[in-house]
Structure formats: C-alpha cells, structure tokens
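**Q** Could you have a look at this structure, given as structure tokens, before my questions?
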Amino acid sequence: MGAAFHALLMRELQTRFGGYRLGYLWAPLEIMFQVAIYLIVFGAIMTRVLPGMDYMLFLVAGLVPFRMMSTIATRALGAVEANQGLLMYRSVRHIDVIIARSFLELVIYFFTFVLLLVILAFIGIPISLAHLNVVLFCWLTLFLFGFGLAMIMMVVGYYGGEISKIIGLIFTILYLYLELCILFIYS
223 MGAAFHALLM
233 RELQTRFGGY
243 RLGYLWAPLE
253 IMFQVAIYLI
263 VFGAIMTRVL
273 PGMDYMLFLV
283 AGLVPFRMMS
293 TIATRALGAV
303 EANQGLLMYR
313 SVRHIDVIIA
323 RSFLELVIYF
333 FTFVLLLVIL
343 AFIGIPISLA
353 HLNVVLFCWL
363 TLFLFGFGLA
373 MIMMVVGYYG
383 GEISKIIGLI
393 FTILYLYLEL
403 CILFIYS
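Here it is in structure tokens:
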C-alpha cells in the first residue's frame with residue numbers, strides 16, 4: 223500500500239503541477255488570490271461590522287481550511303475516471319487514490335496556511351500561537367471530514383452523472399452562507 227500511495231502521490235503531483243510554467247507555485251498562489259478577492263469583496267463590510275477583529279487573520283484562518291476540505295471532496299469526484307488504468311492493478315485500490323489526493327491537498331493547504339500566517343505576521347498583524355493545539359486539532363478534524371466526504375463524492379462522481387457537476391457550486395454557496403452567518407452573528 224505504501225508503494226501504491228507513493229506512486230499515486232507522485233503521479234498526482236505530476237499531472238496537477240507538471241504541465242504549468244510556474245508549476246508548484248500555482249497551489250499557494252491560487253489560494254492567495256482567493257483570499258485577496260474575499261478580502262476585497264468583504265473587507266470593507268467586515269471592518270465596519272467587526273471593529274475589534276482583524277478580518278485578514280479571520281479570513282485566512284477560516285477560508286484556507288474550508289477550501290482544503292471542499293477541495294478534497296470535489297477532487298474525489300473524478301478520481302475513478304482519472305486513475306482507471308492504475309486501478310486495473312491489484313495493488314492499487316480506490317481508497318489509495320483518495321488517500322493520495324487527500325494527503326496532497328492537506329500538504330498544499332497547510333503549507334499555504336503557514337505561509338499566509340508568516341506574511342500576516344510580517345506585515346504587522348499579531349498572531350498568537352497560544353492555542354496551536356486547537357488549531358491543529360481543527361485542521362485534523364476538517365481533513366478527516368473532507369476525507370469522509372471524498373469517499374462519498376468518489377461514489378457520487380462515478381455513479382452520479384450530472385449531479386457531480388453542481389457539487390463545486392454547492393461548496394461555494396456553502397462558504398458564502400457561512401460568511402454571511404458570521405457577519406450577522408457578530409453584527
């Protein structure tokens with residue numbers, strides 16, 4: 223299983239980042255662009271509604287883990303079709319594909335989270351490591367929740383047909399709904 227996991231992880235890295243000019247830089251840049259867009263769209267509203275809270279830190283701490291969880295789930299939709307040739311081998315199972323994809327997303331998003339926190343600390347936003355164990359526990363639980371959703375989404379993607387096309391849209395609407403709920407709770 224370890225050899226299959228390693229091979230699937232290397233294949234996933236190559237197919238996801240190998241064909242681009244900036245390659246591995248696209249993963250953190252994509253997340254940073256999403257944070258910047260949400261900061262532009264909601265930043266002015268949130269600074270008036272939440273005057274005592276730094277919205278940039280709130281956004282990084284909320285958006286990056288949520289995007290990790292939703293990306294793990296949505297990337298599992300095409301996992302069977304993308305790895306159909308490898309699934310012919312007895313040593314490669316469906317769960318190996320999901321484990322490799324989920325682990326890659328965890329590494330990418332956690333690295334980007336730490337990078338964004340370093341950038342925020344560099345520009346002068348105070349960051350406390352007092353509750354690091356809680357943050358790591360939340361990351362772990364979101365990863366496990368995303369992994370569970372990925373198992374379901376793999377089946378939905380293989381048998382679901384057209385319903386798999388709206389799953390990404392559902393996660394975007396869910397994030398905007400959560401953002402608005404937080405806005406109304408604290409206002």
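For the sequence shown, counting from 1, position 45 maps to 267 in the numbering used here; every step adds exactly one.
For glycine and all other residues, C-beta sits at the position ideal for the given N, C-alpha and C.
Bear in mind the structure is a predicted one, so any value in this text is a computation, not a measurement.
1) Can you find the residues in the same chain that come closer than 8 Å, C-beta to C-beta, to F288, ignoring five residues on each side of it along the sequence?
2) When you compare only the Cα positions, how much space is there between I385 and L235?
3) Cα-Cα, which of A283, A226, Y311, I317 is closest to C360?
4) Pick from F325, F344, T293: whose alpha carbon is nearest that of L231?
5) Reducing DSSP to helix, strand and coil, say where H353 ends up.
6) Is the distance from the Cβ of V302 to the Cβ of G382 below 9 Å?
7) Could you give the residue range of the alpha helix (DSSP H) that holds E234?
8) Expressed to the nearest angstrom, what Euclidean distance is found between the alpha-carbon atoms of M376 and A229?
9) Beta carbon of I349, beta carbon of L279: below 9 Å?
10) When the distance is taken between beta carbons, is Y277 closer than 9 Å to G265?
11) Under 8 Å Cβ to Cβ from I347, same chain only, skipping five residues before and after it: list those, please.
12) Please classify R323: is it buried, with 16 or more other beta-carbons within 10 angstroms of its beta-carbon, or exposed?
13) Taking buried to mean at least 16 other C-beta atoms within 10 Å of its own C-beta, is R297 buried or exposed?
14) Can you tell me the Cα-Cα spacing of A372 and A226, whole angstroms?
15) What distance in whole Å lies between the Cβ atoms of Y260 and L285, which are believed to be in contact at a cut-off of 8 Å?
16) Would DSSP call R289 helix, strand or coil?
17) Name the two residues that bound the continuous alpha helix (DSSP H) containing A304.
18) Would you give the residue range spanned by the alpha helix (DSSP H) that Y331 belongs to?
**A** This is what the structure gives:
1) Sequence index remark: in the sequence shown, residue 288 carries index 66 (1-based). So the qualifying residues of the chain are L364, Y397, L400.
2) Locating residue 385 in the sequence shown gives position 163, counting from the first residue. Locating residue 235 in the sequence shown gives position 13, counting from the first residue. Looking at the two C-alpha atoms, the distance is approximately 27 Å.
3) On the sequence shown, residue 360 is found 138 positions in, with the first residue counted as 1. If we check each option's Cα against that of C360, A283 comes out closest.
4) Residue mapping note: residue 231 aligns to position 9 of the sequence shown, counting from 1. Cα-wise, what sits closest to L231 is F325.
5) As a first step, residue 353 is located in the sequence shown; it is residue number 131 there, counting from the start. H353: coil per DSSP, three-state reduction.
6) For the purposes of this step, residue 302 is identified with residue 80 of the sequence shown, where counting begins at 1. For the purposes of this step, residue 382 is identified with residue 160 of the sequence shown, where counting begins at 1. No; because the gap between Cβ atoms is not below 9 Å, this pair is not in contact.
7) Position 12 of the sequence shown holds residue 234. Counting along the chain, the alpha helix (DSSP H) containing E234 begins and ends at 224-239.
8) Residue numbering aside, residue 376 sits at position 154 when the sequence shown is read from its first letter. Residue numbering aside, residue 229 sits at position 7 when the sequence shown is read from its first letter. The straight-line gap from Cα to Cα measures roughly 20 Å.
9) By one-based count along the sequence shown, residue 349 stands at place 127. By one-based count along the sequence shown, residue 279 stands at place 57. Contact flag set, yes.
10) Here residue 265 corresponds to residue number 43 of the sequence shown, with the count starting at 1. Here residue 277 corresponds to residue number 55 of the sequence shown, with the count starting at 1. In contact: G265 and Y277 (Cβ atoms closer than 9 Å).
11) The residue labelled residue 347 in the question sits at position 125 within the sequence shown. Here the set comprises D276, M278, L279.
12) Here residue 323 refers to the residue found at position 101 of the sequence shown. R323 should be labelled buried.
13) As a position in the sequence shown, residue 297 is number 75, starting the count at 1. Under this definition R297 is a buried residue.
14) The count along the sequence shown starts at 1 and reaches residue 372 at position 150. The count along the sequence shown starts at 1 and reaches residue 226 at position 4. Distance between the alpha carbons of A372 and A226 is about 19 Å.
15) Here residue 285 refers to the residue found at position 63 of the sequence shown. Here residue 260 refers to the residue found at position 38 of the sequence shown. Their Cβ separation, rounded to whole angstroms, is 6 Å, which keeps L285 and Y260 in contact under 8 Å.
16) As a first step, residue 289 is located in the sequence shown; it is residue number 67 there, counting from the start. Looking at R289 - three-state DSSP - the assignment turns out to be helix.
17) Taking the sequence shown and counting its residues from 1, the one referred to as residue 304 is at position 82. Its alpha helix (DSSP H) spans residues 301-304.
18) Here residue 331 refers to the residue found at position 109 of the sequence shown. Its alpha helix (DSSP H) spans residues 316-344.
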